[in-house]
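Read the structure below first, then the notes.
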Amino acid sequence: MKLSIERGTLLKALAQAQSVVERRNTIPILANVLIEADGNQVSFRATDLDIEVVDRAPAMVERAGATTVSAVMLHEIVRKLPDGALVNLAEDGSAGRLTITAGRSTFSLATLPREDFPVMATSEYSTNFSAPAGMLRRLFDKAKFAISTEETRYYLNGVYMHTATGEDGPVLRCVATDGHRLARIDAPLPEGAQGMAGVIVPRKTVGELRKLLDDDDAAIAVSVSETKVRFATPAITLTSKVIDGTFPDYTRVIPTGNTRRLEVDASEFAKAVDRVATVSSERSRAVKLSLDEDRLILSVNAPDSGAAEEELAVAYGDERLEIGFNAKYLLEIASQVDRENAVFLFNSSGDPTLMREGNDTSAVYVVMPMRV
Amino acid sequence: MPALCRDCLTTFDHAARCPSCRSPRIVSHPELFDLSIAHMDCDAFYASVEKRDDPGLADKPVIVGGGTRGVVSTCCYIARISGVRSAMPMFQALKLCPQAVVVKPRIAAYAEESRKIRAMMEELTPDIEPLSLDEAFIDLSGTARLHGAPPAVMLARLVRRMETELGLTGSIGLSHNKFLAKIASDLDKPKGFSVIGRAETQGFLEPRPVRIIWGVGTATQAALEAAGIRTIADLRRWERVDLVARFGSMGDRLYHLARGQDQRRVSRDERPKSIGKETTFHEDTGDPDILDGHIWRLAEQVADRAKARRLAGRTVVLKLKREDFQSVTRRHALGDATQIADRIYREARDLFDKAGAKGPFRLIGVALADLVDEDQADRSGDLLDPDAGKRAKAERAADAIRAKFGKDAIIKGRALR
């Protein structure tokens, strides 16, 4: 194998590969990236056995071939090369070394045979559709904060992507929850997604997927089977196993009868929550919301460290209410609001509270209160 | 030299017998009325309670402990003559003292007596630090004017009162810090009253072996021995930096304790690191149903203790010991601290299922660790388990029923397995 490639192009292609590679793994080949050169293109493939990413880039290929080298090391070398450099990769097969040259620098990296590299089994995808990157970005970005990290409930360690019926017809829906809060985000159902099997996309995959979604106008090809999900752009293909488990019935968790409505400027609210929470040294900082006619008092009372109070002018016309929340959860859901005011719908101080942006029901959040 | 009669509490200048009641039970020491930190340790507490409640046992060797597989919790002084000691395996104890009467522990009865003793101590000072049911540190500093008598007199009065009102005896160690008070209470058991003054601290400690230091167990002792340290005098020859370099933070403690220095305050707020219960089976078992019943009962006992101490834990720990003594410990951190038996049980059960350990087991234990105040516990519900709140309420209601009508007034069917 012998090829030349521009440093910037190479760096971009390697960035994704090296982030998929697990830093600590016991199988040496999994630390490597598989480089395959053919025609006028080179591809970089990396896997942790659950996720596989293939990144393709144009290159001047002198001699086709394939080999594997340490993904992290190759990425580090390329990162440290000067911008605009032309990088040559050469491997003659017999020496077991990949030679990297750029300008006056020469590197030689140990290789492992390409035959040893595990390639994820191809799968029959039952659903294939195309979705705008911007839409997928919104679906996953707004849901991912609620993903659980608790391994005992492994089926919550991802975003549940499925089809559902929203207020204005069929939707592609992403849901995540950790039992304390829940995010339910809808987008109009793309053509061809009807009948898609619901899948739980693992946390790490959600993180990797995010890197494919920066370009608003790009179309992402999405393929779904019972066990795998694939997201592809012309340059990058990300394939991932999905979490083998049943996502709980979240619909009964979303309150429908909450009538006490509070409307507040989300960023003012978040800043106030953040300020009053400062005095609490507990691990889960509890903030009390005291609501009265168009007035919200946020307070924290931590017997060991201090107390704080702040008043906000809000729109609220219901009975007096006192309810407590984990400050972190309030901050996280408030930060999802970017266009309009945040609307909270309460029932009682012990029941789940619903939050949405204005009257937009395409993104709703549920948060469990906390005794204060 | 100041002296005190432990029977009639008369104070006088040193004499062989009490000038007022002629009792020989005298304690005299140059610093007797200047020392105020004490350690009170009941004598063979569990066994004494059993003997008091069943006078037929009075002249028999009594061992309190569980079953054939268990260990000795406490043994009376008659049993100790045969060489029986606490923590000794039961079969060994019975070999040494075959005529011993083995009594199953009645923790509730002991706890009741312990509460009475604690109430007596609380009349003297709020600065009490109970270490277990049968021993406590008492700081009587600054109480001489209030009581109109120095600490030594009040302590002698306390043990006298325990004996007359409860029929239980205890030993007092009086000194100028906790470390020495604890050592002193052990010097003259049973019914002892020992004093270690400031002037004699050094001379007293130097010839003693390092294992008298609280916290120096077999492992530390071996490590010290490897460094050529057997006695406290050996320890004193080491520089502080060298001890720290070799033994870490323990080295710093050793340095100060070897000099009789201990700055720890007597305070009841010292929170335990964990609350745990474990049970050793009569017969090894791998039966999941039986084990499930044990997990529930242990979870309930742990929850009871946590509730009694107004504590909750952020981590649930499950411990299993297999028949070959191999142990498996699994822990799980909760998002929100708990003191609810139902949650502890569910977490422990989950840990058991995930541990995938193959039985049969000889021991199972459940504990709560990473403890916090109870007002920080169980504060938020679980969206995906909406019934958890109801179960917690049911448990609180059951607790209230038990508090009113007795421990067995209401139990879960699960506990019967």
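So the protein lines, in turn, are chains A and B. First residue of the first sequence: 1, per this note's numbering; consecutive thereafter. First residue of the second sequence: 373, per this note's numbering; consecutive thereafter. Beta carbons are placed, not taken as given, at the ideal position from N, Cα and C, and that holds for glycine.
- The beta carbon of MET370 of chain A is closer than 6 Å to those of ALA286, GLY324, PHE325 and ASN326 in its chain, skipping five residues each way along the sequence.
- Pairwise C-beta distances place the segment 684-704 of chain B out of contact with the segment 623-631 of chain B, as fewer than three of them are shorter than 8 Å.
- Partner residues in the beta bridge of LEU182 of chain A, as assigned by DSSP, are A:THR177 and A:VAL366.
- Taking 8 Å as the cut-off, the beta carbon of GLY358 of chain A is found no closer than this to the beta carbon of ASN347 of chain A.
- Assignment of alpha helix (DSSP H) within the segment 192-235 of chain A, counting only whole runs of 4 or more residues, yields 203-210 in chain order.
- A direct Cα-Cα distance of roughly 35 Å separates TYR154 of chain A from PRO113 of chain A.
- Of the candidates B:PHE551, B:ALA781, B:PHE697 and B:ARG686, B:ARG686 places its Cα closest to the Cα of ALA741 of chain B.
- Closest in alpha carbon position to GLN336 of chain A, among A:MET355, A:LEU296 and A:SER349, is A:MET355.
- Under the Cβ criterion of 8 Å, SER752 of chain B is counted among the residues facing chain A.
- A direct Cα-to-Cα measurement between HIS386 of chain B and ILE667 of chain B gives close to 59 Å.
- The beta carbon of TRP586 of chain B is closer than 7 Å to those of PHE551 and LYS554 in its chain, skipping five residues each way along the sequence.
- Take the alpha-carbon of GLY245 of chain A and the one of ILE200 of chain A: they are about 8 Å apart.
- Contact annotation for GLY257 of chain A against chain B: no contact, minimum CB-CB distance about 14 Å [criterion: below 9 Å].
- Around THR652 of chain B, the same chain offers ARG441, GLY442, ARG734 and LEU735 as residues with beta carbons nearer than 7 Å, after the five sequence neighbours per side are excluded.
- C-alpha of PHE509 of chain B to C-alpha of MET492 of chain B: approximately 13 Å in a straight line.
- Comparing C-alpha distances from ASP664 of chain B to each of B:GLY785, B:ASP499 and B:ALA524 shows the shortest one belongs to B:GLY785.
- Approximately 24 Å separates the beta-carbon atoms of ARG184 of chain A and VAL314 of chain A; this is outside 8 Å, ruling out the contact.
- Here DSSP, grouped into helix, strand and coil, assigns TYR160 of chain A to strand.
- Closest option to ALA85 of chain A, judged by alpha-carbon separation, among A:GLY195, A:THR177, A:LEU11 and A:PHE344: A:LEU11.
- Residue nearest to HIS411 of chain B within the set B:ALA375, B:GLY455, B:ALA595 and B:LYS561 is B:LYS561 (criterion: CA-CA distance).
- DSSP lists A:PHE344 and A:TYR365 as the beta-bridge partner residues of MET355 of chain A.
- With respect to VAL224 of chain A, TYR125 of chain A sits close: the two C-beta atoms are nearer than 8 Å.
- Look at PHE269 of chain A here: in three-state DSSP terms it is helix.
- Residue contact check for GLN711 of chain B against chain A: no CB pair falls below 8 Å.
- The criterion of a C-beta distance shorter than 8 Å is satisfied by THR710 of chain B and ALA684 of chain B.
- With a cutoff of 8 Å on beta-carbon distance, LEU136 of chain A and GLU62 of chain A are scored as not near each other.
- Among the residues of chain A, those whose CB is under 8 Å from the CB of HIS704 of chain B are THR152, following chain order.
- C-alpha of ARG763 of chain B to C-alpha of PRO477 of chain B: approximately 31 Å in a straight line.
- The alpha-carbon separation between GLY623 of chain B and ARG7 of chain A amounts to approximately 56 Å.
- Rounded to whole angstroms, the gap between the alpha carbons of GLY437 of chain B and LEU466 of chain B is 11 Å.
- Contact residues of the segment 180-198 of chain A toward chain B are HIS180 and LEU182 (C-beta to C-beta distance below 7 Å).
- Taking a beta-carbon distance threshold of 8 Å, MET368 of chain A counts as an interface residue toward chain B.
- Runs of the alpha helix (DSSP H) spanning 4 or more residues and lying entirely within the segment 694-738 of chain B occur at 713-727, in chain order.
- Interface annotation for the segment 717-737 of chain B against chain A: GLU719, ASP722, LEU723 and LYS726, criterion Cβ-Cβ distance under 9 Å.
- Counting only unbroken stretches of 4 or more residues, the alpha helix (DSSP H) elements lying wholly within the segment 558-613 of chain B are 573-577, 590-598 and 604-608, in sequence order.
- In terms of Cα proximity to ALA90 of chain A, the closest of A:LEU262, A:GLY65, A:ARG79 and A:ALA17 is A:GLY65.
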